[in-house]
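First up is the structure itself, then whatever we jot down about it.
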Ligand SMILES: Nc1ncnc2c1ncn2[C@@H]1O[C@H](COP(=O)(O)OP(=O)(O)O)[C@@H](O)[C@H]1O
Ligand SMILES: [Mg+2]
C-alpha cells in the first residue's frame, strides 16, 4: 500500500546511482566522555550502497557511533575513513563538505517549528549550500512529493503530525543529494500508527542505492531492509551478520538475550 504512495522518483534514484558511493570504514574507534568509555574499539566497514542496521540496548553506544561518522562527536581514538580518507581531523570547509555528503535523521526530527515544510528544506540549501531560491524551492517540492507530502509544502512544521514531520526531516536530509544517510531511531518518538509511513519512505530509500546506516528498534523493518545487522552492547560490536542469520541463529549469548527480550518482552529471562 505505501510503496504505491511514495515511489522514489526515477530522477533521484539515478542521482544516487551516478554518484560514486563511498565506503565507510571505522577502525578501532574509541569514544570516551571523561573517564567513561562509551565505544571501546569498534571496527566496521560499510560498503557502497549497503544498508546496515544497528541494534542494541539503550546506552550501548549506538547514537555515539553514528554521530561520529559525520563528526557531530569527535573521536577519542581510532579513525573513521570515508573513501579511504581519514575524517577525524577535518575542520572548517573540509568538515562542511563531509557533512554535505552525509544526511542525518534524528529521533526528534529537529525541524524549525515556525518554518514551513518547504522552508525547513530550502534553508540549508540556500544558506549552507548556496543554492538560489528558485532551485532550492524546486528541489524541496520534489523531495516533499517523494515523501508523500506535496500537500503540506506550506504547512508549518508545528502543524504537522510526528510522522509528517519526520518525513520532512528525511526530505531535508536528502536535499543536498548525500551519498550516505544516517538514521538515529527515526521512529522511536512516533505514535505507533505513524511508524509505517516513515518506515515506508526509508524502505523506498533503501532500494535507491544510497548507503544507509540505521539505528532502530524496529526488528521487522531491520530484517526486511538490512543487508547486514550489527549488534552492539557495552560499546562493542558483538555480532555482524545478514538479517536472516541474525534473527534466526544469533551467535552471541547477549544477542540471543536481547532478541528474546525485544521480540517476546512478556517472556524474557529473569537474568535480564
Ligand atoms: N555527551 C555525553 N556526555 C557524557 N556521556 C554521554 C554523552 N553522550 C552519551 N553519553 C553516554 O554514552 C553512553 C552511550 O550513549 P548513546 O550512544 O546515546 O547510547 P544509545 O544510543 O545506544 O542509547 C551512555 O552511557 C550515555 O550516557
Ligand atoms: Mg541513541
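Numbering (our numbering), first residue to last: 1024 to 1295. Glycine included, each C-beta is placed from N, C-alpha and C at the ideal position.
| Item | Value |
| --- | --- |
| Using a 10 Å radius around the Cβ and a threshold of 16 neighbouring Cβ atoms, would you call residue 1268 buried or exposed? | exposed |
| Please classify residue 1054 as buried or exposed, where buried requires at least 16 other C-beta atoms within 10 Å of its C-beta. | buried |
| So what's residue 1269 in DSSP terms, helix, strand or just coil? | helix |
| Kindly list the residues whose CB is nearer than 6 Å to the CB of residue 1099, restricted to its own chain and excluding five residues on each side of it in sequence; keep chain order. | 1053, 1054, 1055 |
| Drop a sphere of 10 angstroms on the beta-carbon of residue 1275, count the other beta-carbons inside from all chains shown, and report buried for 16 or more, exposed for fewer. | exposed |
| Shortest alpha-carbon distance to residue 999 belongs to which of 1208, 1157, 1147, 1075? | No answer is possible for residue 999: it lies beyond the span of the chain, which begins at 1024 and ends at 1295. |
| According to DSSP, simplified to helix, strand and coil, what is residue 1101? | strand |
| Determine the burial state of residue 1139: buried for a count of at least 16 other Cβ atoms within 10 Å of its Cβ, exposed for fewer. | buried |
| What's the gap between the Cα of residue 1143 and the Cα of residue 1290? | 44 Å |
| Label residue 1239 either buried or exposed according to how many other C-beta atoms from any shown protein chain fall within 10 Å of its C-beta, with 16 as the threshold for buried. | buried |
| At 3 residues or longer, what runs of the beta strand (DSSP E) sit wholly inside the segment 1102-1154? | 1125-1128 |
| Can you name, in chain order, every residue of its own chain whose Cβ lies under 6 Å from the Cβ of residue 1027, other than the five neighbours on each side? | Because the pLDDT at residue 1027 is just 39, under 50, the model does not fix this residue reliably, and the value given afterwards should be weighed accordingly. Contacts found: none. |
| Suppose contacts are defined by Cβ-Cβ distances below 8 Å. Is residue 1135 in contact with residue 1180 by that definition? | yes |
| Grab me the residues of residue 1068's own chain with a C-beta within less than 8 Å of its C-beta, minus the 5 sequence neighbours each way, in chain order. | 1046, 1047, 1048, 1049 |
| Assign residue 1034 to buried or exposed, taking buried as 16 or more other Cβ atoms, counted over all protein chains shown, within 10 Å of its Cβ. | Confidence is the limiting factor: at residue 1034 the pLDDT is only 48, short of 50, which leaves the residue's position unreliable, though a coordinate-based value still follows. Label assigned to residue 1034: exposed. |
| Quick check: residue 1087 and residue 1061, are their CB atoms within less than 8 Å of each other? | yes |
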